[in-house]
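S.K.:
There are 2 protein chains.
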Amino acid sequence: MKLLKDRILKDGKVINDSILKVDNFINHQLDISLFNEIGKELKKRFNDKTINKILTVETSGIAIASIVSQYFDNVPVLFAKKHAGSNMDTNVFESTVHSFTKNTDYKIKVSKEYLTSKDKVLIIDDFLASGSAVIGLLDLVKQANAEAVGVGIVIEKYFQGGRKLIENQNVKLESLAVIEGFKNGEVIFKK
Amino acid sequence: MKLLKDRILKDGKVINDSILKVDNFINHQLDISLFNEIGKELKKRFNDKTINKILTVETSGIAIASIVSQYFDNVPVLFAKKHAGSNMDTNVFESTVHSFTKNTDYKIKVSKEYLTSKDKVLIIDDFLASGSAVIGLLDLVKQANAEAVGVGIVIEKYFQGGRKLIENQNVKLESLAVIEGFKNGEVIFKK
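Protein sequences appear in the order of chains A and B.
Under the numbering used here, think of the first position of the first sequence as 1, with each following residue one higher.
Under the numbering used here, think of the first position of the second sequence as 1001, with each following residue one higher.
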């Protein structure tokens, strides 16, 4: 997606050999016009699929998933909670995600009430890196006996290997900007 | 806002004398059609104002703020971070918020890069209770020498007193459903 790639080149900041900071438009300040273009593009790529729920994980996936939903008939968005408060039901599906950036494990949870065997789920996230978060979301979908129809990613860091893990599960993966690597502080997109 | 109040009566769950759970459509599973109606209504209520940024706080405010932005010319949405990761700039405005539910303090942060003296800010949040979170957001706006144009809230728990704190700062406050209290597990709206 050219608009997105151009924006990454313009406003993304390569922090080290694995971290790209997109705080300016995706992770802290949010460019809602861009998110609408992302929604249109993901609709094109999953146009052949029946989808009745979008699943993401807090925090950065939530805004994108919410705008994207508008291009899929406003299907409900469910976000898995990382920081479940005292209000959270105990009646949950739960999975463990490993963060390579922070080298820690954390739990993600969704209420069993909102993810069921009737759901045909599109998973949305801002980044795909090692794939651990998406694999955790796919695990929640499996626990619910729901169907994972596809995975839509805004920025894929191809060199961190997550794609393989998802494709091994026979789930359609679409990433709108695929990064091959960083070179001298510059983003190199995959051809 | 009748649609919202009806939904609260239908799907909200009164947990105790201060907590209303709206996980079904606002806090965990998100009703994007409803959020669009909320956006339209907030646009009506702040139609006379010039707004060039929406400020909210993670997590539950993000999706609502993002949809609401579409009714204000897609102005950028900035969300204050509670769980700032290693990626977060140290160049931040910071404020302390007290959570009465959990009886703890937490910090909220925004990058100085994205909140500046040029900003005319609409603050959006899902709930107004004691007002501590909104007061924290107003404090960030002040630190940036930006202008707080208004506060738009989905559900106000009037009996917890937050309204007074905000009105004391001479900021326009609009809440779409104002709850006077809970009685025998039922929600009583303010007339």
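C-beta: ideal position from N, C-alpha, C; glycine also.
Do we get a CB-CB distance below 7 Å when we pair Ile32(A) with the residues of chain B?
M.R.: By one-based count along the first sequence, residue 32(A) stands at place 32. Ile32(A) counts as touching chain B.
S.K.: Would you mind giving the Cβ-Cβ distance between Leu1128(B) and Phe1046(B), rounded to the nearest angstrom? I have them listed as a contact below 8 Å.
M.R.: Numbered from 1 along the second sequence, position 128 holds the residue referred to as residue 1128(B). Numbered from 1 along the second sequence, position 46 holds the residue referred to as residue 1046(B). Contact doesn't hold; Cβ gap of about 16 Å is too wide.
S.K.: DSSP beta-bridge partners for Val151(A)?
M.R.: Within the first sequence, the letter at position 151 stands for residue 151(A). According to DSSP, which records beta bridges pairwise, Val151(A) is partnered with Ile123(A), Leu173(A).
S.K.: Checking contacts by CB at 7 Å: is Leu198(A) closer than that to chain B?
M.R.: A query on residue 198(A) cannot be resolved here, the shown segment of chain A reaching from 1 to 191 and no further.
S.K.: Is any beta-carbon of chain A found at less than 7 Å from that of Ser1111(B)?
M.R.: Residue 1111(B) sits at position 111 when you count from the first residue of the second sequence. Taking Cβ atoms only, chain A reaches closer than 7 Å to Ser1111(B), which makes this a yes.
S.K.: Any idea if Thr192(A) is buried or exposed, counting beta-carbon neighbours within 10 angstroms, 16 or more meaning buried?
M.R.: The structure shown does not extend to residue 192(A), since chain A is modelled only from 1 through 191, so no value can be given for it.
S.K.: Between which two residues does the alpha helix (DSSP H) harbouring Phe35(A) extend?
M.R.: Residue 35(A) sits at position 35 when you count from the first residue of the first sequence. Start and end: 32–45.
S.K.: Is any beta-carbon of chain A found at less than 7 Å from that of Val1014(B)?
M.R.: On the second sequence, position 14 is the one that residue 1014(B) refers to. Output row for Val1014(B): interface = no.
S.K.: Does DSSP put Ala1146(B) in a helix, in a strand, or in coil?
M.R.: To locate residue 1146(B), count along the second sequence from 1; it is residue 146. Ala1146(B): coil per DSSP, three-state reduction.
S.K.: Which residues of chain B have a Cβ atom closer than 7 Å to the Cβ of Asp23(A), listed in chain order?
M.R.: Mapped onto the first sequence, residue 23(A) falls at position 23. Chain B residues near Asp23(A): Ser1111.
S.K.: Identify each residue in the region 93–110 of chain A for which the Cβ-Cβ distance to at least one residue of chain B is less than 8 Å, and report them in chain order.
M.R.: Thr101, Lys102, Val110
S.K.: I'd like to know if Val1068(B) contacts chain A, where contact means its C-beta is closer than 7 Å to some C-beta of that chain.
M.R.: As a working note, residue 1068(B) is residue 68 in the second sequence. False, the Cβ-Cβ gap to chain A never drops below 7 Å.
S.K.: Here's a check: name, in chain order, each residue in its chain whose Cβ is nearer than 6 Å to the Cβ of Ser1132(B), leaving out the five neighbours to either side.
M.R.: Position 132 of the second sequence, counting from 1, holds the residue named residue 1132(B). Result list for Ser1132(B): Val1097, His1098, in chain order.
S.K.: Give the range of the alpha helix (DSSP H) segment to which Ala1063(B) is assigned.
M.R.: Taking the first residue of the second sequence as 1, we reach residue 1063(B) at position 63. Element bounds for Ala1063(B): 1061–1069.
S.K.: Is the beta carbon of Val1149(B) closer than 7 Å to that of Lys1040(B)?
M.R.: Counted from its first residue, the second sequence places residue 1040(B) at position 40. Counted from its first residue, the second sequence places residue 1149(B) at position 149. Contact flag unset, no.
S.K.: I'd like the list of long-range same chain contacts for Phe1035(B), defined as Cβ closer than 8 Å, with 5 residues on each side in sequence excluded.
M.R.: Locating residue 1035(B) in the second sequence gives position 35, where the first residue counts as 1. Closer than 8 Å at the Cβ level, and outside the excluded window around Phe1035(B), lie Ala1063, Ile1064, Ile1067, Val1068.
S.K.: Taking 7 Å as the CB-CB limit, is Leu1078(B) close to chain A?
M.R.: Position 78 of the second sequence, counted from the start, is the residue given in the question as residue 1078(B). It does: the Cβ of Leu1078(B) has a partner Cβ on chain A nearer than 7 Å.
S.K.: Check whether the Cβ of Thr1059(B) lies closer than 7 Å to any Cβ atom in chain A.
M.R.: In the second sequence, counting from the first residue as 1, residue 1059(B) sits at position 59. Judged by the 7 Å Cβ criterion, Thr1059(B) is in contact with chain A.
S.K.: When you compare the CB of Ile62(A) with every CB in chain B, is at least one pair closer than 7 Å?
M.R.: Residue 62(A) sits at position 62 when you count from the first residue of the first sequence. Yes, its Cβ sits closer than 7 Å to a Cβ of chain B.
S.K.: Comparing the C-beta of Gln143(A) with each C-beta of chain B, is any distance below 7 Å?
M.R.: Translated into positions along the first sequence, residue 143(A) becomes position 143. So no, Gln143(A) is outside the interface.
S.K.: Take Gly1185(B) and list the residues in its own chain whose beta-carbon comes closer than 7 Å to its own, dropping the five residues that flank it on each side.
M.R.: As a working mapping, residue 1185(B) is identified with position 185 in the second sequence. Cβ neighbours of Gly1185(B) beyond the five flanking positions: Val1014.
S.K.: Using a 10 Å radius around the Cβ and a threshold of 16 neighbouring Cβ atoms, would you call Asp1073(B) buried or exposed?
M.R.: What you label residue 1073(B) is simply residue 73 of the second sequence in a count that begins at 1. Looking at its Cβ environment, which holds fewer than 16 other Cβ atoms inside 10 Å, Asp1073(B) is exposed.
S.K.: Is any heavy atom in the ligand FMN found nearer than 6 Å to the beta carbon of Gln29(A)?
M.R.: You won't find the ligand FMN in this model; it holds no ligand whatsoever.
S.K.: Please report the residue range of the alpha helix (DSSP H) in which Glu94(A) lies.
M.R.: For the purposes of this step, residue 94(A) is taken as the residue at position 94 of the first sequence. Where Glu94(A) is concerned, there is no enclosing alpha helix (DSSP H), although the beta strand (DSSP E) it sits in stretches over 92–99.
S.K.: Look up Ala129(A) in the DSSP assignment and say whether it is helix, strand or coil.
M.R.: The count along the first sequence starts at 1 and reaches residue 129(A) at position 129. Coil.
S.K.: Out of curiosity, what's the CA-to-CA distance linking Arg1163(B) and Ile1179(B)?
M.R.: Sequence index remark: in the second sequence, residue 1163(B) carries index 163 (1-based). Sequence index remark: in the second sequence, residue 1179(B) carries index 179 (1-based). Their backbone Cα atoms lie some 12 Å apart in a straight line.
S.K.: Looking at Gln1029(B) and Leu78(A), is the spacing between their C-beta atoms short of 7 Å?
M.R.: Position 78 of the first sequence holds residue 78(A). Position 29 of the second sequence holds residue 1029(B). Going by C-beta atoms, Leu78(A) is nearer than 7 Å to Gln1029(B).
S.K.: Go ahead and pull the three-state DSSP assignment for Ile1051(B).
M.R.: The residue given as residue 1051(B) occupies position 51 in the second sequence. Looking at Ile1051(B) - three-state DSSP - the assignment turns out to be coil, as it is neither helix nor strand.
S.K.: Using beta carbons (cut-off 7 Å, strictly below), is Asn74(A) in contact with chain B?
M.R.: Start at 1 with the first residue of the first sequence, and residue 74(A) comes out as number 74. Answer yes: the Cβ-Cβ gap between Asn74(A) and chain B drops below 7 Å somewhere.
S.K.: Can you give me the start and stop residues for the beta strand (DSSP E) that Lys118(A) sits inside?
M.R.: Working through the first sequence from its first residue, we reach residue 118(A) at position 118. Per DSSP, Lys118(A) belongs to no beta strand (DSSP E) and is neither H nor E.
S.K.: Shorter than 7 Å from the beta carbon of Tyr1071(B) to some beta carbon of chain A?
M.R.: Residue 1071(B) sits at position 71 when you count from the first residue of the second sequence. So, not an interface residue.
S.K.: Is the CB of Gln29(A) under 7 Å away from at least one CB in chain B?
M.R.: The residue given as residue 29(A) occupies position 29 in the first sequence. Answer yes: the Cβ-Cβ gap between Gln29(A) and chain B drops below 7 Å somewhere.
S.K.: If you check the beta carbons only, do Asp126(A) and Gly61(A) fall under 7 Å apart?
M.R.: In the first sequence, residue 126(A) corresponds to position 126, counting from 1. In the first sequence, residue 61(A) corresponds to position 61, counting from 1. Closer than 7 Å, so yes.
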